[in-house]
Every structure is written in structure tokens, then in C-alpha cells.
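Notes for the one structure printed next.
Protein chains: 2
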Amino acid sequence: MSGNPLIALTLVFGVSLASARADHPNIVLIYIDDMGYGDLACYGSEVNDTPHVDRLAAEGMRFTDFYSSSPVCTPARASLMTGCYPGRVSFDGFGPEGRSWVLFPGFAEGLHPDERTLPELLKEKGYATAHIGKWHLGDQPEHLPTRHGFDSYYGVPYSNDMAIMPRRPKSPPMPLLRNERVIQEQPTQAALIERYTVEAVEFIQQKHDQPFFLYFAHLHVHLPHYVMEPFTSASRNERYGAAVAAIDWSTGLILAELRRAGIEDNTIVIFTSDNGSRQRGEGGSNAPLRGLKGQTFEGGMRVPCIVRWPGVVPAGSVSSELTSVMDFYPTLAALVGHDLASLPKHDGADVMPIWQGQEDARSPHEHFFYYLRNELQAVRDHRWKLHHQVKAGEESVQLYDLANDVSESNCVADQHPEVVQRLKAAMNEMREQLGDSRLGIKGTQRRPCAVVKDPRPLTEFDPDYPYIEPSYLLDEAG
Amino acid sequence: MSGNPLIALTLVFGVSLASARADHPNIVLIYIDDMGYGDLACYGSEVNDTPHVDRLAAEGMRFTDFYSSSPVCTPARASLMTGCYPGRVSFDGFGPEGRSWVLFPGFAEGLHPDERTLPELLKEKGYATAHIGKWHLGDQPEHLPTRHGFDSYYGVPYSNDMAIMPRRPKSPPMPLLRNERVIQEQPTQAALIERYTVEAVEFIQQKHDQPFFLYFAHLHVHLPHYVMEPFTSASRNERYGAAVAAIDWSTGLILAELRRAGIEDNTIVIFTSDNGSRQRGEGGSNAPLRGLKGQTFEGGMRVPCIVRWPGVVPAGSVSSELTSVMDFYPTLAALVGHDLASLPKHDGADVMPIWQGQEDARSPHEHFFYYLRNELQAVRDHRWKLHHQVKAGEESVQLYDLANDVSESNCVADQHPEVVQRLKAAMNEMREQLGDSRLGIKGTQRRPCAVVKDPRPLTEFDPDYPYIEPSYLLDEAG
């Protein structure tokens, strides 16, 4: 053998190394708060400029029928971590009698320690794992990201309106955490995206030579809309557009950093949102969908989703297969070598064939269920969506043909009674599994969440502490 | 022996522990960029609000006759690190023929590796050392803070106007470093003080149970004045006052964090500036002193200095003893147990007796010399200040009675020829030691700085990189 032995070695091991890398690509999951289906240029927005995210779509796959599992934040994020409908892990109601939709500072609930979360599964296969940004799955020490599979955490553990502000004057000061330690109270919100993004850059710089999972969950575009310059000045859509632009910039910087690190081709980048836009004159859009955040119409739960993995996911592709936030868990677990049968029961499915653009790849989901808190309100299959709710003994039924009426504007229940019956039966079966509080059904397949005794907020207002902003000024929440 | 054995142990070892702690107090040195003698309320400002710094003064010692060793940035900082006049460590001229006053991006010079810096001396005695903010003692990898005694570094290694901005369109993008790695280019300047301060808080949180040295060097109040809200809105002195207020907030937060960590009494906090204000209609003040940054009149080099060490430095005291930035090196080195005679020759002196408020404590300095680059322009003793310069063979002499004429307004050279002669002799002796470029004197006691071959800026403009701000907008430098 002549020549450079290093080159020879590379030739010999080239194939298996490449294959090992393909089995353990880096994963960057960018998760937006309250971004609607119509908020990105590549999804039709004409008021927001999103060149970097659009490029992500042009180089990857854009999903038209991707769903969050909930129209609000906390339950959706539980699904991301566990691959389950929120009810399966008891993340569909909090506080006294489960009356709160989401977790507030000092609430007792969190993910159960027995849950095997997505970052835990990746860690087991050698991934470095980091969470930056909004967690919202419990702010008690026992419930923080570092207790659920993340090597490190940097962020605000709940929503950016859960702070001292005019409408919440008695909230604890908003805590910024490094791992499990409060490093700042009431940080300047507009500046957080820059701090988050640089934290992400640092993680990529440090971990680029090993498989990593970066879960980057933004505070934008949730209210209040504190956005930094120069995004504010450049926006055509006021502060909302500025928040979208800030996310777009951040995404572009992450992509550029992956490029600089030479790992762009070996990194799966996922971009999605936890639920639809509030769309109440605040600049957001779920167009062309009906409904808002907090509702089970499509606008509340169908959200943008883009997946880019050069060489695996076809560039510039679009998929209308039914997929959801719950699919990341089994898809990524299977990719890194987990036997899905050995994992806790989950509702998502391995959708890698869809990501790969295989011609015959179809959604593995016969149905998708729309829960609001613990009320099952709707179901869809590939074509039809049934809204079926029972309030005060009154039954309400709407059927929409999503294939031809994505805006849920034309109820066709009367024309398709057999579809109504079939989907109603599917809903009732789901109610038996995960419950329905409106109907008094407990559910037989619910796993408990964790509940700590004597929960306390992470911070309390200290009149002697020099907060930059003792109270945020914007009177926006939601 | 009865009772709790832990308490008993504490009683037995109490004295020696307390004494060990007193020998190794934490040290926080807050260093402002271009803050003038008249910029703090406790030094007479009526336009800037500085409640936290004023409290620092009320709880410590305020110095009226404290000097930087240079009216510009880089040389002053070399003194802080080495205890020397800049010329002694060849930090009085840079670039081709030493024509630059300060270091610019990509310059070849840095501190010589043989210099035993202040953080190195502290490290040798078990201190954790961190530098946050502006370094300005060389941006080449070999010259960074982490090569000169700091365990960690987070900051911009030179001035905040050395960036892409209208007046410097070809500058490299401003680099933010973590240790020796560029983690961001062209960061939002207004937000940096918050990021710096939280970084300081994290350091205190992490190291509060061991002796630490935190050297926190702000970007404010140097131009350009990018300042964050809410300081801008609250300022009575436009952006300059806002920058001062931001520093004051940051100082208050550091103090609060020391208090929360329970180490307030065991921490020396020093607050001072690298040189006087530019004072060119930009809001700064050297009142009541004459002269500006870049000049050897008092306003260029006499700066605010406050030292607080509860229980050691008398609260609310004022010292008019002549001290300087060069004194920190021997004072702190002696405090932690170094034999000063074993250290490299330096110009500062141990002024602990002054800090302690000992009644008979007098300045150890017979003279203080005012160098501009490598030109020795003036000298003072306890009462008199002589300006003696020779330009194009012409000798210029001014003598001021600082005890009665702090504003250097009334030249009394003619009335005191013997003082002129005595001080001129002292100056000539200093010129023999450290040189005088105007007079062609090389100096016999100069130690070399380090000079790397093929220096390069840390960054270069990349048209494909999504900077938040490809160019800063404010056209301010200086």
C-alpha cells in the first residue's frame, strides 16, 4: 500500500463512517410560539418577510397537513417530548380540578419522571442535548428540562406574558434560567432572541463533532410583542412582522453556523409552531384556515412545518400527508436505533418514509384527534373532519370535506351521515382511552403526570433588587 | 463538650477561617470606558443619576486624586494588568513606528507572555478569575485574556467603535468572544450591558464559595452611545446619561448579587474609569477639571475611583492621597500574600494603609507622571503639577498649584522657579527610564511587549452571514 496512510484509512472506513453519521444526524428543532399557518411567506404570507425560513423550505419539505396536538402551548409541548396526545400523559388540565389550560408559575404539575422523553432517547444514543427557550412543562426544580433529558437549559420556563406586567402585577418576576439556576429576573424581552440565538450558536460550536439535539423554542410570536431593532423598523406588519423577522434572522444564523461548522448536510432542521395564531388584529394569520389559537378549527392546530435534511429529504418538496408533532418522537427514536415497541405507548408514528419522499409513503394515521383541554372536540381522517361536541346534553355536529373545503366553511354532515357515524365512533373510542371531561369519561389509558407537594414559583418580587424592568410595560397577554 | 459538634467546630476554627477569608477577599473591579471625573452624582454630577454607585461611595472610600496612567484606553489597561507605566511594558505606541495610541483590530502587539499580570498573581493564590467586557490589550489569539491569567473571558476585545459603521465601513465585524472563540459578529450594542451583567452574575453564582476576581470592563460610556431602554427614556442627560444609568444599574445588580450570595462583606468592589471624558458636547463631564480624554491636563487622567470593602475600608470616607491605577497590582498582590520584591518591577505601590483609612497613611508616590503615547508631558507631586514639553526645540512650561487650583487655570511657573527645576529634573529622570519619543530618548527600563507575525483580525465581513446589523448606524467614534 503506497501513499498517505490517512487517506487510505479514510477510503477503507469511508462507507461505514458515512453510514454511522447518517444514523446519527444532528437535529435542530426550531419551535415557534403561536405562529399561524399563514405567517410565513412560503405558506402564503404577503406581509411577513421570511427569506431564511423560505430557503429552509426550498431546500427541504414543507408540510401542508401538519398538526400540533393542542391549540395551546403546554399540552402541545408535552406531545413533542413524549409522542403522545396530551391526555395520555395527563397534560390536558392543570391546577385545581384541572381547570387551567396551561401551566402557570408555581404550578405543581410536570412530566412524570417515568416518561422516556425524546431527548432522553437521543441521549441514550450518544447525543448531546440542549434546550434553549420556552419549556412550559413545569417550573418546579423536579420538572425542569435538565431533569427530562437535556444536558443543558437556557431560557424562560414558561410563557413570556407570565411576568410582572400591568395585567399580571402580582406575577413572580420572569426568571431566566441557566440549567436549574435563575440567572436573571425580568430580563429585557426584546433582547432575548439575540441571547437565545447566540446560546444556540455556542452549543453548535461546542458540539459540532458529536451528534447533538438542539431544541430551540422561541418566545416570539407570543404576546407581549417586545421586538428588537432593526426588525421593528423594517417590518411591514408592525410588531408582529418584526417578531417573525427576528425568528427568520435567528433561523438564518443557525443555518449559517451549521454551514460554517461543515455539518449542514448532516443536520436535520425542523421548523414548526406549537399552535395557530391568536389572529385578533395583532398581525398574525392562519389563512386560509378557520379558527384561532385555543380552538379546534384548523387554524388553531394546523401549523407550518418544514423539515430539511440535505440528501435525504427531497429539496423543494411539499407533503400533504397527515402528520403531527407527535411523530417526531418515534421518527427520531427509530432513526437513532430505538426499537419503538420497547418505548412507552405513544400516538405518533415513524414518518421517515414521508420525509424521504418515498412515492408510496402515506400517513400512518387513520385519524387525528382534536382535543381542547380534556374535551375531544373533533377528528379528521384523510378527507373528512368531524366536529362533535356535547354541551349540557346538547349534541353539536359539523362535518367538513377538508380535501375541498380547507376553511371549514361548508358543513356537509347532512349529506354524509355514514361518515359522521364512522368518525363519531372513532371519537368515542378515543374518549374511552384518554377521557372526555365534558362527558364525564375518565379514560382508561391515561398515565399520570408528576405533581409535587408545596410547589413554589422560582422567583418572588424583591423590592431591593435592581430589575431593569420591575414591570413590563406592554399590557399584552395571551 | 456538649451540643452540636458542627457549631463547636465552627467556634474552634472560626478565627482562622475568618482570617483566611480576610486574606483572600473576592475582588470585583468595575472599569468604565471614558467616564469623566464629573460624571457621577457622588463626584458632583447634576445631570446623571447614579444611586447605586453613590451608595458604593457611601459605604466605601471615594478618591479625589486618583489617576489613570494614560488619557487613552489601551495604555491605561496595560497598567491595570501590570502595575506599570505603559512605557515600561511598551504599551505606549502601536502599529508602524508606534504611531497609533491604541490597538486596532488585527494589530500585532499584546502583553508580553513574561509579564506576570494581576489575574495571574491572584490565580496563583487560588482565585477564580474572569474578565467580562473590553480587553483592548491585543486581539490576536496569543494576546487574549485567557492567555494572561483569566480563566474565562466574555466580551469584545477592543473598543465599541471598532466595528463596521459609517465611519469605519471596512472594519472587521465586531467580535463577541467567549474565551477565545468568536460567538457573535456585530452584536446589538445596546443589549451588551445586560448580557455582560448577567454573565457577571453567573460567575458570582458559580464561584461564590471560593475567592474570585471579576474584572468587568464596560463598553459604556465610549462612543457610539447605543443604550437600551428603559435607561434612554429616563435619562436627563440624553444618551450619555442613559449610558451612565445603565452602568449604575449594572453595578447595583452586581452588589445585590453579592448580597444574595452572602459575600458582600468579603468582597472588595472597585469602581473606576480608564481615562477622562471626551466632553465634546456629548454629555460627559470632567468638571471641575481642565482637559479631555487624550490630554494630560487633569481632566484626561484624573478619574473617579471608589473602593468598598465593608469592615476594612471606612464607610463614607474620602481620600485625597495621590493614588493610581498602577497601585491595584501591588496592593492586591500583597494582600493575597505575594512578596512584592519578587514581582517584576512596577510603578504602583501597596496603598492598603490608605484604603484602610489609617490616620498616618500617605501616598507612597513622590511623583506621578503624565505620559501621552511616549511623550512625557507633565508630572505632579502632592501639591504642584508641572507641564513640560519640548516641541520643535521650543520648551513649554506651565506650573499649577493643584492644592489651590485644581482646574489648572493659573500658571505660577514664574513665581516658583525652584519647583519647576525640581519637577523638571524628576521628569528628565523618568525620560531616561521609559523614554520620550519627542526628545528622541529611548529609555533604559522598557520591557518589550509581544509582537506576533502575520497578525489578522478575528473576523472578516461575510456577505452571506445574517448579521443583525451589518453596519452600526450611529456615526460616532472616539
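First to last, the sequence lines map onto chains A and B. Just so we're aligned, residue 1060 is where the first sequence starts under my numbering, counting upward by one. Just so we're aligned, residue 1060 is where the second sequence starts under my numbering, counting upward by one. Cβ atoms here follow ideal geometry from the backbone N, Cα and C, with glycine treated the same way.
Nearest neighbour of A:Met-1224, chosen from A:Thr-1133, A:Leu-1282, A:Leu-1431 [CA to CA] | Nearest C-alpha to A:Met-1224: A:Leu-1282.
Is there at least one Cβ from chain A nearer than 8 Å to B:Arg-1257's Cβ?
-> According to the sequence displayed, residue 1257 of chain B carries Val and not Arg. Residue-level contact check: B:Val-1257 touches chain A, since one or more beta carbons of chain A fall below 8 Å from its beta carbon.
Taking the CB atoms as reference points, tell me whether B:Val-1372 and B:Gly-1119 lie closer together than 8 Å.
-> Yes; because the gap between Cβ atoms is below 8 Å, this pair is in contact.
As assigned by DSSP and simplified to three states, the class of B:Met-1094 | Looking at B:Met-1094 - three-state DSSP - the assignment turns out to be coil, as it is neither helix nor strand.
Going by beta carbon distance, what residues of the same chain come within less than 6 Å of B:Gly-1455, once the five residues before and after it are set aside?
-> The question names Gly, but residue 1455 of chain B in the sequence shown is Ser. Cβ within range, chain order: Gln-1448.
Pick from B:Leu-1312, B:His-1424, B:Asp-1460, B:Met-1360 that is closest to B:Ala-1135, judged by C-alpha positions = Nearest Cα to B:Ala-1135 within the set B:Leu-1312, B:His-1424, B:Asp-1460, B:Met-1360: B:Met-1360.
Would you say A:Thr-1247 faces chain B, with C-beta separation under 8 Å as the test?
-> It does: the Cβ of A:Thr-1247 has a partner Cβ on chain B nearer than 8 Å.
Whole-angstrom distance between A:Ala-1222 and A:Thr-1518, CA atom to CA atom | So the alpha carbons of these two residues sit roughly 10 Å apart.
If we count Cβ pairs, one from each stretch, closer than 8 Å, do we get three or more for the stretch 1335 to 1353 of chain A versus the stretch 1082 to 1089 of chain A?
-> No, the stretch 1335 to 1353 of chain A does not touch the stretch 1082 to 1089 of chain A.
In chain B, which residues lie with their C-beta within 8 Å of the C-beta of A:Glu-1528?
-> Here the neighbours are Pro-1289.
Are the C-beta of A:Asp-1523 and some C-beta of chain B separated by less than 8 Å?
-> Interface residue (Cβ-Cβ distance to chain B less than 8 Å): A:Asp-1523 is classified as such.
Could you tell me which chain B residues have their CB closer than 8 Å to the CB of A:Gly-1311, listed as they occur along the chain?
-> Simply Pro-1525.
Exposure label - A:Ser-1379; buried when at least 16 CB within 10 Å = By the neighbour-count criterion, in which a residue is buried when 16 or more other Cβ atoms sit within 10 angstroms of its Cβ, A:Ser-1379 is exposed.
Thinking just about the alpha-carbon of each residue, which of B:Phe-1290, B:Asn-1469, B:Phe-1153, B:Pro-1216 is nearest to the one in B:Leu-1431?
-> Answer by Cα proximity: B:Phe-1153.
Chain-order list of residues whose beta-carbon lies under 8 Å from that of B:Ala-1509 (same chain, five-residue window excluded) | Contacts found: Glu-1168, Gly-1169, Leu-1170, His-1171, Pro-1172, Gly-1197, Glu-1201, His-1202.
Put B:Asn-1059 into one of helix, strand or coil per three-state DSSP.
-> This structure leaves residue 1059 of chain B out entirely; chain B is present only between 1060 and 1537.
Run down chain A in chain order and give the residues with a C-beta less than 7 Å from the C-beta of B:His-1111.
-> Residues of chain A passing the Cβ test: Pro-1525.
Assign B:Pro-1155 to one of two classes, buried (16 or more other C-beta atoms within 10 Å of its C-beta) or exposed (fewer than that).
-> B:Pro-1155 should be labelled exposed.
Nearest chain A C-beta to B:Ala-1462 closer than 8 Å, yes or no?
-> B:Ala-1462 is outside the set of residues whose beta carbon lies under 8 Å from a beta carbon in chain A.
Is there at least one Cβ from chain B nearer than 8 Å to A:Trp-1443's Cβ?
-> At a cut-off of 8 Å between beta-carbon atoms, A:Trp-1443 makes no contact with chain B.
Leaving out five residues on either side along the sequence, give the residues of the same chain with a beta carbon under 7 Å from the beta carbon of B:Ala-1293.
-> Excluding residues within five positions, the ones whose Cβ falls inside 7 Å are Ala-1304.
Apply the 10 Å Cβ neighbour rule to A:Ala-1484 and answer buried if 16 or more other Cβ atoms are within range, or exposed otherwise.
-> Residue environment analysis places A:Ala-1484 among the exposed positions, since fewer than 16 neighbouring C-beta atoms fall within 10 angstroms of its C-beta.
Alpha-carbon spacing of A:Pro-1246 relative to A:Leu-1532, whole angstroms = Each residue's Cα considered, the two are about 13 Å apart.
Return the chain-ordered list of same chain residues with a C-beta closer than 7 Å to the C-beta of A:Gly-1062, the five sequence neighbours on each side being excluded.
-> Because A:Gly-1062 sits at a pLDDT of 45, beneath the cut-off of 50, its placement in the model cannot be relied upon, and the following sentence gives the value as read from the coordinates. Nothing listed; no residue qualifies.
Under the three-state reduction of DSSP, which class applies to B:Asp-1307: helix, strand or coil?
-> Looking at B:Asp-1307 - three-state DSSP - the assignment turns out to be helix.
Under the three-state reduction of DSSP, which class applies to B:Ile-1252: helix, strand or coil?
-> DSSP places B:Ile-1252 in helix when its eight states are reduced to three.
Quick check: the stretch 1352 to 1368 of chain B against the stretch 1396 to 1408 of chain B, are there 3 or more CB pairs under 8 Å?
-> A contact between stretches requires three or more CB pairs, one per stretch, nearer than 8 Å, and the stretch 1352 to 1368 of chain B fails this requirement with the stretch 1396 to 1408 of chain B.
CB contact check: B:Val-1395 to chain A, cutoff 8 Å | By this cut-off, B:Val-1395 is not an interface position.
A:Ser-1309 burial status per 10 Å Cβ neighbour count (16 or more: buried) | Buried: at least 16 other Cβ atoms inside 10 Å.
B:Ile-1086 versus B:Lys-1266 - alpha carbon distance = Cα atoms of B:Ile-1086 and B:Lys-1266: separation of roughly 12 Å, rounded to the nearest angstrom.
Kindly examine the ligand MG and report whether one of its heavy atoms sits closer than 7 Å to the Cβ of A:Val-1241.
-> Absence of the ligand MG from the depicted structure is noted, as is the absence of any ligand whatsoever, leaving it without description.
What does A:Ile-1242 reach in chain B if we use C-beta pairs closer than 8 Å?
-> Result: Val-1257, Val-1260, Glu-1261, Gln-1264.
Between the CA atoms of B:Glu-1535 and B:Glu-1261 - distance to the nearest angstrom = About 32 Å.
CB contact check: A:Glu-1253 to chain B, cutoff 8 Å | It does: the Cβ of A:Glu-1253 has a partner Cβ on chain B nearer than 8 Å.
Taking the runs of the alpha helix (DSSP H) that are 4 residues or longer, which of them lie wholly in the stretch 1158 to 1239 of chain A?
-> Those alpha helix (DSSP H) runs which fall completely within the stretch 1158 to 1239 of chain A and span 4+ residues are 1177 to 1183.
B:Gly-1335 to B:Cys-1132, Cα distance in whole Å?
-> Take the alpha-carbon of B:Gly-1335 and the one of B:Cys-1132: they are about 10 Å apart.
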